[in-house]
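Participant:
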Amino acid sequence: MAGIGFELKKLFRRESLTAKFSAVLYSVFSTIGHLLVVVIALLGVRVLLLQSSMPLEDQRLYSAIILYSFVFPLIFTSGLCIIISRYLADVLWQDKTEDILSSVYGALVLYCSAASLPAFLLLWRAQLDWLLSLVAYLLYMMVGVIFILMVYVSALKDYAQITRSFLYGMAVTIAGTLITLYSNPHQTGMTTSLIASFAVGMSVVALGILYGVKKYYPVSSGKYFDFLLYMGKYPSLFWFNTFYTLGLYVQNFVFWSYFKTRNNISVFWFSDDFDMATALGVLTILPAIVLFVVRMETSFYDYFREYLRSINTLTGEEIEKAKNLMIRKLWQEFFFVAELQILISLVSVVFGVAVLPILGFSTTVQEVFPNMVAGFLFTYFMFLACTLMQYFENYMDCLHIMGLFLVLNTIFNILSVNLGPEFYGLGILFSSSVALIAGLLYLHKTLNAVDYIIFCSRVPEEETKGTRLKNLIQRLNDLEDGVRDHENLSQSIR
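Numbering follows this note's numbering, with no gaps: position 406 of the sequence shown is 407.
#1: Please name the residue, chosen from Ala137, Leu400, Ser311, that lies closest to Phe269 on a Cα-to-Cα basis.
#2: Mapping DSSP to helix, strand and coil, what is Ile266?
#3: Where does Phe271 fall in DSSP's three states?
#4: Excluding sequence positions up to five away, which residues of its chain have a Cβ less than 8 Å from the Cβ of Val338?
#5: Helix, strand or coil for Val220? Go by DSSP, reduced to three states.
#6: Would you identify the three-state DSSP class for Ile286, choosing helix, strand or coil?
#7: Please work out which residues of its chain come closer than 7 Å, Cβ to Cβ, to Lys215, disregarding the five sequence neighbours upstream and downstream, and give them in chain order.
#8: When the Cα atoms are used, what is the spatial distance from Val110 to Ala323?
#9: Taking 8 Å as the cut-off, decide whether the C-beta atoms of Ser272 and Leu129 are in contact.
#10: Between which two residues does the alpha helix (DSSP H) holding Phe256 run?
#11: If you drop the 5 nearest sequence neighbours on each side, which residues of the same chain put their C-beta closer than 6 Å to that of Thr285?
#12: Report all residues from its chain with a CB closer than 7 Å to the CB of Ile415; omit the five preceding and five following residues, and keep chain order.
#13: Return helix, strand or coil for Pro422, following the three-state DSSP convention.
#14: Give every residue of the same chain whose Cβ lies closer than 8 Å to the Cβ of Ile454, excluding the five residues on either side of it in the sequence, and list them in chain order.
#15: CA-CA distance, Leu430 and Val369?
#16: Below 8 Å on the Cβ atoms is my contact criterion, and I expect Lys105 with Tyr153 to pass it. Report the Cβ-Cβ distance as a whole number of Å.
#17: Please report how far the alpha carbon of Ser134 lies from the alpha carbon of Ala116, in whole angstroms.
#18: Less than 6 Å between C-beta atoms, sequence neighbours within five positions excluded: which residues of the same chain meet that for Leu378?
#19: Leaving out five residues before and five after Leu139 in sequence, what residues of the same chain have Cβ atoms less than 6 Å from its Cβ?
#20: Where does Tyr308 fall in DSSP's three states?
#21: DSSP three-state call for Leu140: helix, strand or coil?
#22: Nearest-angstrom Cα distance between Asp398 and Met151?
#23: By Cβ distance below 6 Å, which residues in the same chain neighbour Gly282 in space, the five residues on each side in sequence not counted?
#24: Using the Cα positions of Met383 and Ile83, report the straight-line distance between them to the nearest angstrom.
#25: Of all the options Ala108, Val366, Asp59, Gln333, which has the alpha carbon lying nearest to the alpha carbon of Leu229?
#26: Rounded to whole angstroms, what's the CA-CA distance from Leu420 to Leu409? Just pull it up for me.
#27: When the Cβ atoms of the stretch 238-251 are set against those of the stretch 401-408, are three or more pairs found closer than 8 Å?
#28: Would a C-beta distance cut-off of 8 Å place Ser204 and Met277 closer than the cut-off?
#29: Using C-beta distances below 8 Å, list every residue in its chain close to Ser417, excluding the 5 sequence neighbours before and after it, in chain order.
#30: Whole angstroms is fine: what's the gap from Leu93's alpha carbon to Arg87's?
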């Protein structure tokens, strides 16, 4: 995440216990804090629903809308978010902070425009009550908006403000759920009220984050869509993250499509048991995400920076020494994160085997859970290998690895779903294992050729390259400026 390493290093360099604790909180929140808050809220609502007399069909419709409102915005925004992150890193490095707020507006306009069409088509086919369709659409849009705004969290540094936004939003959700469940004895319109509670809660979160961005970066340069230049400059980076997110959920789509594992209500397809096992598997890799940010974005970056600096000031022998120190540190931190996460995953499997039956999870969830834990473990290690290659801007090899993962995960899950329940979950395990091996081999190749990749492999861009894209972006910027000028004129007339 852009800028997070700088803040973490400042916090960790302080000797006080308070600073260390603040650094841990900052790293947790900047990476998975928003996810933890939302998951806790979802689990709380789930517990309340299980204790209520809400009809099962309404509960399933509620769960399906929530599922679709998170999965598809995540897929739609994944490529855009990594492009914005790359753009934001350069903006912060060049101290062009006036471009940050403009890019927020541009990214939100782009997402809301592009993501509305599939939402309208799905809700039109669903033939739901108009009010339920409205609040479901609001929830879907707000989740995507939050995913985009979270890219800017690392630039704010005021993570307490962002934390409050999530806490307030989830408090609204829980309060709305309680009011709905305990003040509606006839159980009428409960699904609409529950979705509305979540939609309003997520709107509070989005507005809170947007307020934080505007407060910290109040000046707008008017370059609303300049981040799209990075789409033309780094197309492989866009597709890398899109393929990664698709690869995570393609197994769910396969199970949704197979008649023996599919559940459906209205036009919503899902697979109760497999979706639950997937969610539990994802939760087990959250520690690795935090560990990576703390270890790699702080200590490794210093070695990486020293290697780059050595080119201008040191001898060939000293440059080689700096490179070897950097590579050694990279592998040390990678294996430290890997060893600790393997231990956490093993404990999670043992804990899950003991606790899942007590909590009433189905036999399928219990049997698939260990496979999902191992599969997501290997998947994240593969992602780490690709992230490390991106330090050296080796984006094309990262794209090849993610393309391999997406294709293999699709094929293996089609095979596993047809072979029977005893093979469920093995698709991502096998595909991530192969992709991880490929990722480590590519990482090794990248490190062996790091001098060439960084200093010799870049071809100077031609002056005319990307002219059409630049002209389009300029027209979009001018159009947005025109809209804002019209709004300001209207307000002044009033």
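Even glycine gets a Cβ: it sits at the ideal position worked out from N, Cα and C.
Facilitator: Taking the coordinates as given:
#1: Stepping through the sequence shown from its first residue, residue 269 is reached at position 268. Selection Ala137, Leu400, Ser311 evaluated against Phe269 yields Ala137 as nearest (Cα-Cα).
#2: Locating residue 266 in the sequence shown gives position 265, where the first residue counts as 1. Looking at Ile266 - three-state DSSP - the assignment turns out to be strand.
#3: Looking up residue 271 in the sequence shown gives position 270. The answer is strand: DSSP assigns Phe271 an E or B state.
#4: The residue labelled residue 338 in the question sits at position 337 within the sequence shown. Ala289, Leu292, Phe293, Arg296, Met297, Leu385.
#5: The residue given as residue 220 occupies position 219 in the sequence shown. Secondary structure at Val220: coil, using DSSP grouped into helix, strand and coil.
#6: Reading the sequence shown from its first residue, position 285 is the one you call residue 286. Three-state result, Ile286: coil.
#7: Residue numbering aside, residue 215 sits at position 214 when the sequence shown is read from its first letter. Result list for Lys215: Leu102, in chain order.
#8: Along the sequence shown, one-based indexing puts residue 110 at 109. Along the sequence shown, one-based indexing puts residue 323 at 322. If you draw a straight line from the Cα of Val110 to the Cα of Ala323, it comes to about 45 Å.
#9: Walking along the sequence shown from the start, residue 272 turns up at place 271. Walking along the sequence shown from the start, residue 129 turns up at place 128. No.
#10: Counted from its first residue, the sequence shown places residue 256 at position 255. Bounds of the alpha helix (DSSP H) holding Phe256 are 236-258.
#11: The residue you call residue 285 lines up with position 284 of the sequence shown. For Thr285, where only same-chain residues beyond five positions count, the Cβ hits under 6 Å are Ser346, Ser349, Val374.
#12: Locating residue 415 in the sequence shown gives position 414, counting from the first residue. In the same chain as Ile415, and ignoring 5 residues on each side of it, the C-beta atoms closer than 7 Å to its own belong to Val255, in chain order.
#13: In the sequence shown, residue 422 corresponds to position 421, counting from 1. Reduced to three states, the DSSP call for Pro422 is helix.
#14: The count along the sequence shown starts at 1 and reaches residue 454 at position 453. Result list for Ile454: Phe393, Glu394, Asn395, Thr447, in chain order.
#15: If you number the sequence shown from 1, residue 430 lands on position 429. If you number the sequence shown from 1, residue 369 lands on position 368. Rounded to whole angstroms, Leu430 to Val369 spans 11 Å at the Cα level.
#16: One-based indexing of the sequence shown puts residue 105 at position 104. One-based indexing of the sequence shown puts residue 153 at position 152. The sequence shown places Val at residue 105, not Lys. Between the beta-carbon of Val105 and that of Tyr153 there is about 6 Å, and that keeps the pair under the 8 Å contact cut.
#17: The residue labelled residue 134 in the question sits at position 133 within the sequence shown. The residue labelled residue 116 in the question sits at position 115 within the sequence shown. When rounded, the distance between both Cα atoms is 15 Å.
#18: As a first step, residue 378 is located in the sequence shown; it is residue number 377 there, counting from the start. Shown here for Leu378: same chain residues with a beta carbon closer than 6 Å to its own, the five before and five after excluded, namely Ser346 in chain order.
#19: The residue given as residue 139 occupies position 138 in the sequence shown. Here Leu139 has Ala200 as same chain residues with Cβ atoms under 6 Å from its own Cβ, once five neighbours each way along the sequence are excluded.
#20: Counted from its first residue, the sequence shown places residue 308 at position 307. For Tyr308, the secondary structure class from DSSP, reduced to helix, strand or coil, is helix.
#21: What you label residue 140 is simply residue 139 of the sequence shown in a count that begins at 1. In the structure shown, Leu140 sits in a helix (DSSP, three-state: H, G or I).
#22: Position 397 of the sequence shown, counting from 1, holds the residue named residue 398. Position 150 of the sequence shown, counting from 1, holds the residue named residue 151. Inter-residue distance for Asp398 and Met151 is about 27 Å (C-alpha atoms, whole angstroms).
#23: Position 281 of the sequence shown, counting from 1, holds the residue named residue 282. Met373, Val374, Phe377.
#24: Within the sequence shown, numbered from 1, the residue matching residue 383 stands at position 382. Within the sequence shown, numbered from 1, the residue matching residue 83 stands at position 82. Approximately 17 Å between the Cα atoms of the pair.
#25: Within the sequence shown, numbered from 1, the residue matching residue 229 stands at position 228. Minimum Cα distance to Leu229 is reached at Ala108.
#26: Along the sequence shown, one-based indexing puts residue 420 at 419. Along the sequence shown, one-based indexing puts residue 409 at 408. Rounded to whole angstroms, Leu420 to Leu409 spans 16 Å at the Cα level.
#27: Result yes; three or more Cβ-Cβ pairs closer than 8 Å.
#28: As a first step, residue 204 must be located in the sequence shown, where it is residue number 203. As a first step, residue 277 must be located in the sequence shown, where it is residue number 276. It is not a contact, given that the beta carbons lie outside the stated cut-off.
#29: Counted from its first residue, the sequence shown places residue 417 at position 416. Taken in chain order, the residues that qualify are Phe424, Tyr425, Gly426, Leu427, Gly428.
#30: As a first step, residue 93 is located in the sequence shown; it is residue number 92 there, counting from the start. As a first step, residue 87 is located in the sequence shown; it is residue number 86 there, counting from the start. Whole-angstrom Cα-Cα distance: 10 Å.
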